[in-house]
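Asker:
There are 2 protein chains.
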Amino acid sequence: MEASGISMDDLLDSLRRSGLRVTPQRLEVYRVVAVSKSHPSVVEIYEAVRRIIPSISMDTVYRTLWTLSQIGLTSPVSSSGDRVRFDSNRSPHHHFICAKCGEIRDFTSGSLDDMPIPREAGDFGDVWGAHLEIRGLCRNCRKPGRNSKRKEPEHG
Amino acid sequence: MEASGISMDDLLDSLRRSGLRVTPQRLEVYRVVAVSKSHPSVVEIYEAVRRIIPSISMDTVYRTLWTLSQIGLTSPVSSSGDRVRFDSNRSPHHHFICAKCGEIRDFTSGSLDDMPIPREAGDFGDVWGAHLEIRGLCRNCRKPGRNSKRKEPEHG
DNA sequence: ATGCATGCAAATGCTTTGCAGCGTG
DNA sequence: CACGCTGCAAAGCATTTGCATGCAT
Chain D
1 MEASGISMDD
11 LLDSLRRSGL
21 RVTPQRLEVY
31 RVVAVSKSHP
41 SVVEIYEAVR
51 RIIPSISMDT
61 VYRTLWTLSQ
71 IGLTSPVSSS
81 GDRVRFDSNR
91 SPHHHFICAK
101 CGEIRDFTSG
111 SLDDMPIPRE
121 AGDFGDVWGA
131 HLEIRGLCRN
141 CRKPGRNSKR
151 KEPEHG
Chain C
1001 MEASGISMDD
1011 LLDSLRRSGL
1021 RVTPQRLEVY
1031 RVVAVSKSHP
1041 SVVEIYEAVR
1051 RIIPSISMDT
1061 VYRTLWTLSQ
1071 IGLTSPVSSS
1081 GDRVRFDSNR
1091 SPHHHFICAK
1101 CGEIRDFTSG
1111 SLDDMPIPRE
1121 AGDFGDVWGA
1131 HLEIRGLCRN
1141 CRKPGRNSKR
1151 KEPEHG
């Protein structure tokens, strides 16, 4: 897991700094999200973790994900209306969200990374990170006839 | 309602262009979201519309909001984990989201508005709009002792 | 030792869906 | 006049919660 550039040490530090306990469940849930290339849903994370810790339960996954998000290690990504999904906060990236099918695609942008955080935002509190969220119509949904409903995303 | 800069004509055009029917429910739901300064939840929108169209039902509000979102007139804003909220797409703005309490604050930024959409995003499809999403810790949650749980946001 | 974290299972609601009648185009 | 849209009520299901036990500190 160290191979993919994930630092479990950072996780340990973050947990301890926040006065939270280091448990196998937390380690594994984090690892799964961190390794994932997409935006795993809670069930997907649950399934993956279960292969390592068969006794883990759904609610622990939920609780863990919120805990990790609260200390900045993961972020809920919401396809909004769909079930919640999670992103690890390593390697900053941005989202293209299709307004029609709800699909979320990642992209990176050097020019955006250089962009300074507007000070207006800093007035609200501590800024941990930022990403651009772009709404539009994906190639698939642009095609006539492809009237993809939100609940049956034809993927793209 | 024209007073607040909302163009009902745009709504009519958009609906017709998409082959959708113009109904009082759609007009009113859109108006409520467009007028709102914050990020109304579905229930809040429902309550507001009900004052004008007492017979409207919750599911119509849901359906209408998704419909409007699919043609780009509103956007689901997800406090993620919380219930869905909606934003009208007039006047571009950005979001500061507190990782701890989930509160979403708006801000505008001239410098950001000038920022070009990275072409990487355009590869995915048609771009309708973009906004920056900043995660961090709000002033309230920064204070020690204020361990605001996600479900009981102490507001800020 | 001391409590936070976990698992289990039941509860909670938000959100969706099927269908008949109505209103828009 | 035809078909999309609405309302109603019931179903679906993602997410949360209470509690006893286990484990990290």
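So the protein sequences, as listed, match chains D and C. Taking my numbering, the leading residue of the first sequence gets 1, the next gets one more, and so forth. Taking my numbering, the leading residue of the second sequence gets 1001, the next gets one more, and so forth. Glycine included, each C-beta is placed from N, C-alpha and C at the ideal position.
#1: Just to confirm my understanding: we take residue 24(D), look at its own chain, exclude 5 residues before and 5 after, and list those with CB closer than 7 Å. What are they?
#2: Could you tell me which of 94(D), 124(D), 116(D) sits nearest to residue 1143(C), measuring between CA atoms?
#3: Tell me whether residue 1040(C) is buried or exposed, calling it buried when 16 or more other Cβ atoms sit within 10 Å of its Cβ.
#4: Alpha carbon to alpha carbon, what distance is there between residue 50(D) and residue 1069(C)?
#5: Checking 7 Å against the spacing of the C-beta atoms, do residue 1118(C) and residue 112(D) come in under that value?
#6: Between the stretch 1097 to 1113 of chain C and the stretch 81 to 96 of chain D, are three or more C-beta pairs nearer than 8 Å?
#7: Quick one: what does DSSP say residue 52(D) is sitting in, helix, strand or coil?
#8: Taking residue 129(D) as part of the beta strand (DSSP E), name the residues at either end of that continuous run.
#9: What residue does the beta strand (DSSP E) around residue 88(D) start on, and which one ends it?
#10: Considering only the beta carbon of each residue, do residue 1134(C) and residue 34(D) sit closer than 7 Å?
#11: Please confirm whether residue 22(D) has its beta-carbon closer than 7 Å to some beta-carbon of chain C.
#12: Consider the Cβ of residue 106(D): report whether some Cβ of chain C lies at a distance smaller than 7 Å.
#13: List, in order along the chain, the chain C residues whose C-beta lies closer than 9 Å to that of residue 127(D)?
#14: Less than 7 Å between CB atoms is the rule here; does residue 100(D) satisfy it with respect to chain C?
#15: Determine the direct distance from the alpha carbon of residue 104(D) to that of residue 97(D), and round the result to whole angstroms.
#16: Spell out the partners DSSP gives residue 1104(C) in its beta bridges.
#17: Can you tell me which of 87(D), 89(D), 78(D) puts its alpha carbon nearest to the alpha carbon of residue 99(D)?
#18: Am I right that residue 42(D) and residue 62(D) are in contact with their C-beta atoms under 8 Å? What's the rounded C-beta distance?
#19: Ordered along the chain, which non-local residues of its own chain (more than five positions away) have a Cβ less than 6 Å from that of residue 1036(C)?
#20: Roughly how many angstroms lie between the CA atoms of residue 17(D) and residue 1120(C), to the nearest whole one?
#21: Hey, how far is the Cα of residue 8(D) from the Cα of residue 1102(C)?
#22: Please name the residue in 140(D), 45(D), 19(D) whose C-alpha comes closest to that of residue 30(D).
#23: Going by DSSP, which residues form a beta bridge with residue 1077(C)?
#24: Can you find the residues in the same chain that come closer than 6 Å, C-beta to C-beta, to residue 141(D), ignoring five residues on each side of it along the sequence?
#25: Buried or exposed, going by whether 16 or more other CB atoms sit within 10 Å of the CB of residue 28(D)?
#26: Is the CB of residue 1120(C) under 7 Å away from at least one CB in chain D?
#27: Does DSSP classify residue 62(D) as helix, strand or coil?
#28: Would you mind telling me which residues of chain C sit closer than 9 Å to residue 72(D), beta carbon to beta carbon, in chain order?
#29: Taking DSSP as the reference, what is the three-state secondary structure of residue 14(D)?
#30: Contact criterion: CB-CB distance below 7 Å. Does residue 39(D) meet it with respect to chain C?
#31: Are the CB atoms of residue 136(D) and residue 1010(C) nearer to each other than 7 Å?
#32: Roughly how many angstroms lie between the CA atoms of residue 64(D) and residue 1122(C), to the nearest whole one?
Answerer: On the basis of the data shown:
#1: 53
#2: 124(D)
#3: buried
#4: 36 Å
#5: yes
#6: no
#7: coil
#8: 125 to 138
#9: 84 to 88
#10: no
#11: no
#12: no
#13: 1096, 1134, 1135, 1136, 1137
#14: yes
#15: 5 Å
#16: 1097(C)
#17: 78(D)
#18: 6 Å
#19: none
#20: 37 Å
#21: 26 Å
#22: 45(D)
#23: 1085(C)
#24: 98, 100, 101, 148
#25: buried
#26: yes
#27: helix
#28: 1099, 1135, 1136, 1137
#29: helix
#30: no
#31: no
#32: 35 Å
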